[in-house]
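Worksheet: one structure, shown below.
There are 2 protein chains.
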Amino acid sequence: MARPRSTAADSAILDATRATLVELGWPKLTMGHVAARAGVAKTTLYRRWPSKSALVVDAVAILFDELELPDRGSLRGDIEGVVGSFATLLERPETKTSLMAVVAESTRDPALRVHIREAIVQRQKHLVQEGRDRAQRRGELTSAPHPGTAARQVDLIFDVIAGAVVHRALVSAEPVDGAWTTMFTELLLGGLSSLDEASDSASAY
Amino acid sequence: MARPRSTAADSAILDATRATLVELGWPKLTMGHVAARAGVAKTTLYRRWPSKSALVVDAVAILFDELELPDRGSLRGDIEGVVGSFATLLERPETKTSLMAVVAESTRDPALRVHIREAIVQRQKHLVQEGRDRAQRRGELTSAPHPGTAARQVDLIFDVIAGAVVHRALVSAEPVDGAWTTMFTELLLGGLSSLDEASDSASAY
DNA sequence: GCCATTTCGATACGACTCGTAGCGTAACAC
DNA sequence: GTGTTACGCTACGAGTCGTATCGAAATGGC
Numbered sequence: 001m002a003r004p005r006s007t008a009a010d011s012a013i014l015d016a017t018r019a020t021l022v023e024l025g026w027p028k029l030t031m032g033h034v035a036a037r038a039g040v041a042k043t044t045l046y047r048r049w050p051s052k053s054a055l056v057v058d059a060v061a062i063l064f065d066e067l068e069l070p071d072r073g074s075l076r077g078d079i080e081g082v083v084g085s086f087a088t089l090l091e092r093p094e095t096k097t098s099l100m101a102v103v104a105e106s107t108r109d110p111a112l113r114v115h116i117r118e119a120i121v122q123r124q125k126h127l128v129q130e131g132r133d134r135a136q137r138r139g140e141l142t143s144a145p146h147p148g149t150a151a152r153q154v155d156l157i158f159d160v161i162a163g164a165v166v167h168r169a170l171v172s173a174e175p176v177d178g179a180w181t182t183m184f185t186e187l188l189l190g191g192l193s194s195l196d197e198a199s200d201s202a203s204a205y
Numbered sequence: 001m002a003r004p005r006s007t008a009a010d011s012a013i014l015d016a017t018r019a020t021l022v023e024l025g026w027p028k029l030t031m032g033h034v035a036a037r038a039g040v041a042k043t044t045l046y047r048r049w050p051s052k053s054a055l056v057v058d059a060v061a062i063l064f065d066e067l068e069l070p071d072r073g074s075l076r077g078d079i080e081g082v083v084g085s086f087a088t089l090l091e092r093p094e095t096k097t098s099l100m101a102v103v104a105e106s107t108r109d110p111a112l113r114v115h116i117r118e119a120i121v122q123r124q125k126h127l128v129q130e131g132r133d134r135a136q137r138r139g140e141l142t143s144a145p146h147p148g149t150a151a152r153q154v155d156l157i158f159d160v161i162a163g164a165v166v167h168r169a170l171v172s173a174e175p176v177d178g179a180w181t182t183m184f185t186e187l188l189l190g191g192l193s194s195l196d197e198a199s200d201s202a203s204a205y
């Protein structure tokens, strides 16, 4: 009908949000700072995002798209690769300080919880599916009997990998280095083949 | 020398903190609220805790002591038990809203990070060691070759269990129910025996 | 029992953030 | 052009933060 919303402002705001996260960290990031840095009025921010948390989710979600799953020739290699790149991502100050913060706020804000699930979790879950498909083609894993079982296994593996790496890096606050990754991958490989056998023996799940 | 600090005030403050967490949640919890509820001046809070986060860590850490590892006769049973009780703990509003929040702030506050590690992580790590010892006595696992390897395995297992359950419950925001626990335990058992064999074959780690 | 010492409750403070409202101006669709 | 909408700017009340200051209260040492 009339003047459309400036898409330039959108990206300027998201860029400014990431830059401010790096510089000040989540707790000291304010809507005022972001607005000033983006060369935009504070009102413009509130016209597009209901809260600081929602803004940060969008600003950070894009960063997760850099996660890839290059084919390293084996399931072991693929897992070690994705763990490494995820750990690298978590070391960036933008993600490190804000990821836990938005999750924390989401425990009291259902809309934000859905927002995170769609923008980050579900959006990256294809990585697990892809790794699984590859392993099946290589004959390292067999396909699950029921489609529902397969989906639940993908969900489980995603929670285990993401959860373990996040916990190691941010809660235990110790490095996700080669030694840890090797050991974790060994654990996961053993677990996966165990799941494979268990679901082959019919009734299990 | 003179008037000692009131221990009654200490516990009144911690109780008030938990109660306020339940009622208002982390984001709306203020030092003013806690002080008023505890029947204490705001100044008294700041004399003992440097920040809201540090106060909440102490208030919540005690709750983790209710985690137990009753002997269910098998490693499988023990794991399922501890996963269940951890999930129950995470469902309580005091922990749910505040755990991620303090971790988030700890990414920019080294002192707080150490505080969390000592009060929560290290304090509960004995559960893993205990489960492992039991499994060895039952003959379900063998002891690691080097003591350093054993310690690293305990750290890894702790991160995997705690991380996966937290991620499932708070990030994916889906229930840690019996089906999930069964599947996760199966994964972990397979992984543990795999680690066992790998570390038996000498040089591995 | 008395006194020095330290904590305690109360209050006030400036600085900051929040989210919203009101305004005139600028940019686009038709 | 003209109407409609987004924009930048400013101001606002409410609320929080962490600190400073004060007299009163409680305790240990003598």
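Protein chains in written order, with our numbering: chain C, 1 to 205; chain P, 1 to 205.
Quick reminder that beta carbons are idealized off the backbone N, C-alpha and C, glycines included.
- Message: Across the stretch 174-194 of chain C and the stretch 187-195 of chain P, are there enough close Cβ pairs to call them in contact, namely three or more that are closer than 8 Å?
- Response: yes
- Task: Following the continuous alpha helix (DSSP H) through residue 41(C), name the residue where it begins and the one where it ends.
- Result: That residue, residue 41(C), is in no alpha helix (DSSP H); it is neither H nor E in DSSP.
- Query: Nearest-angstrom Cα distance between residue 113(P) and residue 132(P)?
  - Reply: 27 Å
- So, is residue 30(P) buried or exposed, given that buried needs 16 or more other C-beta atoms within 10 angstroms? exposed
- Query: Are residue 17(P) and residue 63(P) closer than 7 Å when you measure CB to CB?
  - Reply: Contact: no.
- Task: Verify whether the separation of the beta carbon atoms of residue 94(C) and residue 45(C) is less than 7 Å.
- Result: no
- Inter-residue Cα distance where the pair is residue 163(C) and residue 139(C): Each residue's alpha carbon lies about 27 Å from the other.
- What does residue 26(P) reach in chain C if we use C-beta pairs closer than 9 Å? 104, 105, 107, 108
- Message: residue 120(P) and residue 59(P) - do their beta-carbons sit closer together than 7 Å?
- Response: no
- If you measure from the beta carbon of residue 167(C) to each beta carbon in chain P, is any gap under 7 Å? Residue 167(C) counts as touching chain P.
- Query: In whole angstroms, what is the alpha-carbon distance linking residue 117(P) and residue 5(P)?
  - Reply: 26 Å
- Using a Cβ-Cβ cut-off of 8 Å (strictly less than) and excluding sequence neighbours within five positions of residue 26(C), which residues of its own chain qualify? 56, 97, 98, 101
- Message: Using CA atoms only, rank isn't needed, just tell me which of 154(C), 15(C), 151(C) is closest to residue 34(C).
- Response: 15(C)
- What residues from chain C crowd round residue 77(P), counting only those whose CB sits closer than 7 Å? Residues of chain C with a Cβ closer than 7 Å to the Cβ of residue 77(P) do not exist, since the nearest Cβ in that chain sits about 16 Å away.
- Task: Give the DSSP-derived three-state secondary structure of residue 149(C) in the structure shown.
- Result: helix
- Would you say residue 189(C) and residue 127(C) are within 7 Å of each other, going by their C-beta atoms? no
- DSSP three-state call for residue 49(P): helix, strand or coil? coil
- Message: Give me, in chain order, the residues of the same chain whose beta-carbon lies closer than 8 Å to that of residue 90(C); leave out the 5 immediate sequence neighbours on both sides.
- Response: 96, 99, 165, 166, 169, 170, 176
- Query: Taking C-alpha atoms, which residue in 156(P), 186(P), 185(P), 180(P) lies nearest to residue 185(C)?
  - Reply: When the alpha-carbon of residue 185(C) is set against those of 156(P), 186(P), 185(P), 180(P), the nearest one is in 156(P).
- Message: Strictly under 7 Å for the Cβ-Cβ distance: is residue 132(P) near chain C by that measure?
- Response: No, residue 132(P) does not count as interfacial toward chain C.
- Ignoring anything shorter than 3 residues or poking outside the stretch 77-101 of chain C, list the beta strand (DSSP E) runs there in chain order. none
- Message: I'd like to know whether the C-beta atoms of residue 199(P) and residue 144(P) end up nearer to each other than 7 Å.
- Response: yes
- chain P contact for residue 135(C) (CB, 7 Å cutoff): False, the Cβ-Cβ gap to chain P never drops below 7 Å.
- Item | Integer Cβ distance of residue 66(C) from residue 181(C), believed to fall under 8 Å | The Cβ separation is near 18 Å, so there is no contact.
- Task: Buried or exposed for residue 78(P), please, with buried defined as at least 16 other CB atoms from any protein chain shown within 10 angstroms of its CB.
- Result: buried
- Query: Can you name the residues of chain C whose CB is closer than 7 Å to the CB of residue 23(P)?
  - Reply: Result: empty, since nearest Cβ-Cβ is about 12 Å, beyond 7 Å.
- Item | Cross-chain neighbours of residue 148(C) in chain P, by beta carbon under 8 Å | Here the premise fails: no neighbours, minimum Cβ distance about 10 Å.
- Distance, Cα to Cα, residue 71(P) vs residue 3(P)? 47 Å
- Query: Given residue 141(C), which residues of its chain have a CB within under 8 Å of its CB, disregarding the five upstream and five downstream residues?
  - Reply: 75, 132, 135, 192, 193, 196
- What is the residue span of the alpha helix (DSSP H) that residue 137(P) lies within? 126-138
- Query: What is the residue span of the alpha helix (DSSP H) that residue 141(P) lies within?
  - Reply: First-last for residue 141(P): undefined, no H or E at that position.
- Query: Along the chain, where does the alpha helix (DSSP H) that runs through residue 66(P) open and close?
  - Reply: Note, residue 66(P): premise wrong, no alpha helix (DSSP H); not H, not E.
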